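Residue numbers (this note's numbering): 23 to 1143. Each residue gets a CB set at the ideal place from its N, CA and C atoms; glycine is no exception. Quantities reported herein were computed from a predicted structural model and do not represent experimental measurements. A quick write-up on the structure given underneath.
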């Protein structure tokens, strides 16, 4: 614990301009300034560096770009591999684990060691990995890197210690699972096929052991060749040559026949008694044409042949549709007897797997469900019902249902908010799901001891909003609504839609939520704001619309001499919601230029709204002289004040949403009055009008992107983006844009706070806003409602306001806004404000307690607004004695004492990069400033002294998606969109890192392996029991020898290195290090043993040769030698 005591006396007041221009606030990290004050600041800081550690907690959503699928039928857990080297392991709800290969190579195939708590992954870099799943964070035990051959297929028989590995050259190798060492037993491709065959059979695409005899291995080659290899005799039992390429093979459980799927859309059935030709060839989706020929079909990529005791066998396959049916969606076909069911999928099928009751391949399979892995979804089909319904997915796999465009994270919600949101959302759930339990039910998970209500909000490209319950590191959707229902549907090719090139005009740009008052605001890409109130009842309502002209024009600028320090208020009724603007494109100008019209049209009729969030007010920025409105860059709302403020690159607007009036609408330049810190150069009017308009439209259309839009494909790193200030200035001169747009175009821009002259054409954007009780001027004795305004040039402006406290007066009298007060200065664009009392505790913003707007009122007891922390008397005791303001910009942070406006501490956060996100958050029963920089660093600073507590290089390269979605919250947590479909949650709290093992689910649970069925005497006598084989005897070193060392390289695993890092200072870390050291010692001893054996062999050979030479020369004389 460190005590910071600061006695500042003999304050010399200075003008705001002097405060800005002077660098007296210091520049060193955490440097206290010398400005004196009569107030004694006594803050007990409890946070130290040991309180912070950064680690990933859990990943939610659908695995991005999936490639492989595996299922353990005993443990009942599912594994999904991805193209980026990730592996997601899923069990019952709450059991969700993410692993990542360090190489980042795509996962080609997954194989569970059934009921053993282990998983084998085959990656595109020709490396096999063995994962240990018996720990909460899986780790790699062994790796095997193939050097000369490419791995194409793997197969691990049930309860076997030997993994069969097929390669691109057509060879089949055996790997010992326990030691992960290659056997000397190899099935070469030229031995598997006939010697008379002149062509190479192609890569191995299938490997499986015969259900009837474990000593028989079925090898499928891509060219259409199938070989059954006798492992004991080391020869082929039979060879099948088929004209069409093979994609997959599936056995009948009796081991007497098998089925193949081919590239021409056909299925062939083969009987082991006669392998010269298939006894059945079917084209499930191929019809006979008029000329008698079969129509050509797409390949059947996979087929599974499963038997059932009570019904006909199930044949499940993907693909096989005819080519002429263009536009058909991907399909999964289920053939059950004579019935053929085709299930159309929304996305291409990556892989599927039939779930069966038994792990033994020589028993009746009894299929119960089919897991289908799609490119962007995971579905499970119930096979036990004739209509094949799907199971309701308990995992949050639909985060990306529409692309995520913004996120918000709240870790300190009122306890009643989650149940009420769930009750509203449950009324809109889909029906028709299977009534059976979710079949992927493995693992164990218990609610942790340290849980509190957490809510994640995601905004999407289609205008939808989703609320998620994120408590206890899980994720479950609570409630969803669509903001597009507020507007009329734009007709394509007409009017507004023809002028707007925006494909998703309702895309959500940012959200603002007050959990206490349950007021919710949405900022849309089309320069619109929607205010929602929460109600448990449905209602008939008419949405009020306010249209605002917020356009900066040089001709309209009011000079300071004409209206010094006074905001320009709109004329009464000039922006009345009862006077809607014309919607004609030719409105306002005779030339047909769009003017005074919004981008979207709000429904102007009474609409029925369901319970939940109901729209009350829509604010839209208007086109001005053919220029579309600029995007809104920041917004803040305060339920106690009844005010909403927002800004963009043109200026600031304040709206009274209780009276539905516009209080303030002015350019950024006019906010300063005589306190403007810059001498701005005049510019010729209407310069660059066309380029501005074009860029604005591009801004609307490129807020996010897929293959055509930028943010869905934006994986630009810092190194790919310009860091040259000159190029940025040239860009600005071509198309002046807001700070938000500049941030989209360049991550490495740099600004100087000592600029003395700025071209008037450079637009200064409003970058952050914050309502709160503060001091508008140095002379104020008590705090009053204020609006803190931060701009892209590092300027901070305070706007004091006078708000009636009585409820009747508040609804009738106008809110008055005083002249702009304090003007401060920081380096870089201002990002965040925070307020502390003089004891260092966070000052909560005033808010109105929630009340249902549609609840029936008692005429005898009218409801009144209940305001919290609104007036000085109800505020914290120290508010009357001043407070501390924390201001963070892209480059530095400052702590300012109010009302004296003296800078107590300053810290330069970064010089080479800039801050993307900053928040004042609670952690370890105290507060700190958390920052995320564009170079990937996550930092925390103490408050108020701004001491660096943590600086971790977490993300070496930052792309646009992460920059847009990264957000901090209380409790030492944060999240970001790690991929277009996944949310990654992290913690920077040491306490949570220590408790993480308790919060995570267990993947492995001890379960007895089911016993094999007794086949009975008669069936065993006539049908023959499955023959077993001692694979150790066949593949072991004693009989097969050692494989060539140049063929594959064994790489020992890290043995849970990540877990060791978490507990690096404790006994667990010592044990883990000792275990790794023991493994390394064992490996060295093994190598020594190999060398010793080699030397013994050499010695024996030398002795033998010496003995032979002695016998040869024994009876000869010396002259005969």
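- Query: Any idea if residue 1113 is buried or exposed, counting beta-carbon neighbours within 10 angstroms, 16 or more meaning buried?
  - Reply: Looking at its Cβ environment, which holds fewer than 16 other Cβ atoms inside 10 Å, residue 1113 is exposed.
- Query: Taking DSSP as the reference, what is the three-state secondary structure of residue 432?
  - Reply: If DSSP states are grouped into helix, strand and coil, residue 432 belongs with the strands.
- Task: Just grab the DSSP bridge partners of residue 562 for me.
- Result: Under DSSP, the beta-bridge partners assigned to residue 562 are 630.
- Other residues of its chain near residue 964: CB distance less than 7 Å, five sequence neighbours each side excluded: Correct list, in chain order: 67, 69, 950, 971.
- 8 Å Cβ cutoff met for residue 968 and residue 907: For residue 968 and residue 907, no; Cβs fall outside 8 Å.
- Outcome for residue 823 when other beta-carbon atoms lying within 10 angstroms are tallied against a minimum of 16: Its Cβ being crowded by 16 or more others within 10 Å, residue 823 is buried.
- Message: I need the straight-line Cα distance from residue 555 to residue 543, nearest angstrom please.
- Response: Approximately 9 Å, taken between the alpha carbons.
- Message: So, under 8 Å CB-CB, residue 1145 and residue 130 are touching, yes? Tell me the CB distance rounded to an integer number of Å.
- Response: The requested residue 1145 is not part of the displayed model; the chain covers only 23 to 1143.
- Message: For a minimum of 4 consecutive residues, which ranges assigned as the alpha helix (DSSP H) are wholly contained in the region 967-1049?
- Response: Listed in chain order, the complete alpha helix (DSSP H) runs (minimum 4 residues) inside the region 967-1049 are 982-987, 1012-1021.
- Buried or exposed: which applies to residue 72, given that a residue is buried once 16 or more other Cβ atoms fall within 10 Å of its Cβ? With fewer than 16 Cβ atoms within 10 Å of its Cβ, residue 72 is classed as exposed.
- Query: Straight-line CA distance for residue 854 to residue 911?
  - Reply: Distance between the alpha carbons of residue 854 and residue 911: 7 Å.
- Between the C-alpha atoms of residue 310 and residue 416, what's the straight-line distance to the nearest angstrom? Their Cα atoms are separated by approximately 43 Å.
- Message: Going by beta-carbon coordinates alone, are residue 411 and residue 455 separated by less than 8 Å?
- Response: Taking 8 Å as the cut-off, the beta carbon of residue 411 is found closer than this to the beta carbon of residue 455.
- Task: Can you have a look at residue 690 and say buried or exposed, based on whether 16 or more other CB atoms are within 10 angstroms of its CB?
- Result: Residue environment for residue 690: buried (at least 16 other C-beta atoms within 10 angstroms of its C-beta).
- Own chain partners of residue 467 with C-beta closer than 6 Å, once the 5 adjacent residues on each side are dropped: In chain order, 116, 117, 1023 place their CB closer than 6 Å to the CB of residue 467, counting only its own chain and leaving out the 5 sequence neighbours on each side.
- Does the distance from the C-beta atom of residue 322 to that of residue 341 stay below 8 Å? Less than 8 Å separates the beta-carbon of residue 322 from that of residue 341.
- Query: residue 637 bridges to which residues according to DSSP?
  - Reply: Per DSSP, the beta bridge partners of residue 637 are 554.
- Which one of 638, 570, 806 has the shortest CA to CA distance from residue 19? Residue 19 is absent from the model: the chain starts at 23 and stops at 1143.
- Task: Under the assumption that residue 480 contacts residue 421 (Cβ atoms under 8 Å), give the Cβ distance between them as a whole number of angstroms.
- Result: Right, their Cβ atoms sit about 7 Å apart.
- With DSSP run on the structure shown, which of helix, strand or coil describes residue 443? Of the three classes helix, strand and coil, the one that applies to residue 443 here is helix, per DSSP.
- Query: Touch check for the region 196-205 and the region 232-250: three-plus C-beta pairs under 8 Å?
  - Reply: No contact exists between the region 196-205 and the region 232-250.
- Since I believe residue 145 is in contact with residue 107 (beta carbons under 8 Å), could you give me their beta-carbon distance rounded to a whole number of angstroms? The Cβ separation is near 7 Å, so the contact holds.
- Message: Could you check whether residue 648 and residue 617 sit closer than 8 Å to each other, using their CB atoms as the reference points?
- Response: The answer is yes: Cβ separation under 8 Å.
- Message: Alpha carbons only, please: which of 256, 630, 440 is nearest the one belonging to residue 500?
- Response: Considering only alpha carbons, the answer is 440.
- Option nearest residue 658 by Cα separation, candidates 651, 667, 650: Closest option to residue 658, Cα to Cα, is 667.
- Whole-Å CB distance - residue 404 paired with residue 458, under 8 Å assumed: Between residue 458 and residue 404 the Cβ distance is about 6 Å, and since that is below 8 Å, they are a contact.
- Query: Hey, out of 81, 364, 526, 864, whose CA is closest to residue 354's CA?
  - Reply: Out of 81, 364, 526, 864, 364 has the C-alpha closest to the C-alpha of residue 354.
- Message: Looking at residue 79: is its Cβ nearer than 8 Å to the Cβ of residue 431?
- Response: Contact: no.
- Message: Assuming contact is defined by CB atoms lying nearer than 8 Å, are residue 635 and residue 503 in contact in what I supplied?
- Response: Going by C-beta atoms, residue 635 is nearer than 8 Å to residue 503.
- Item | Proximity to residue 147 [Cα-Cα], best of 483, 1107, 1071 | That would be 1071, whose Cα lies nearest to the Cα of residue 147.
- Cα-Cα separation between residue 332 and residue 240, rounded to whole angstroms: Residue 332 and residue 240 have their C-alpha atoms roughly 29 Å apart.
- Query: Where does residue 1124 land, buried or exposed, given buried means 16+ other C-beta within 10 angstroms?
  - Reply: Label assigned to residue 1124: exposed.
- By a C-beta neighbour count over all protein chains shown, 10 Å radius and 16 as the cutoff for buried, is residue 126 buried or exposed? It is exposed - the Cβ of residue 126 has fewer than 16 other Cβ atoms within 10 Å.
- Item | residue 754 versus residue 426 - alpha carbon distance | Model confidence at residue 754 stands at a pLDDT of 34, short of 50, so the residue's coordinates are unreliable; what they give is reported in the following sentence. About 29 Å.
- Do residue 96 and residue 175 have their CB atoms nearer than 8 Å? The Cβ atoms of residue 96 and residue 175 do not sit closer than 8 Å to each other.
- Message: Taking the alpha carbon of residue 302 as the reference point, which residue from 956, 292, 182 has its own alpha carbon closest?
- Response: Checking every option, the nearest Cα to that of residue 302 belongs to 292.
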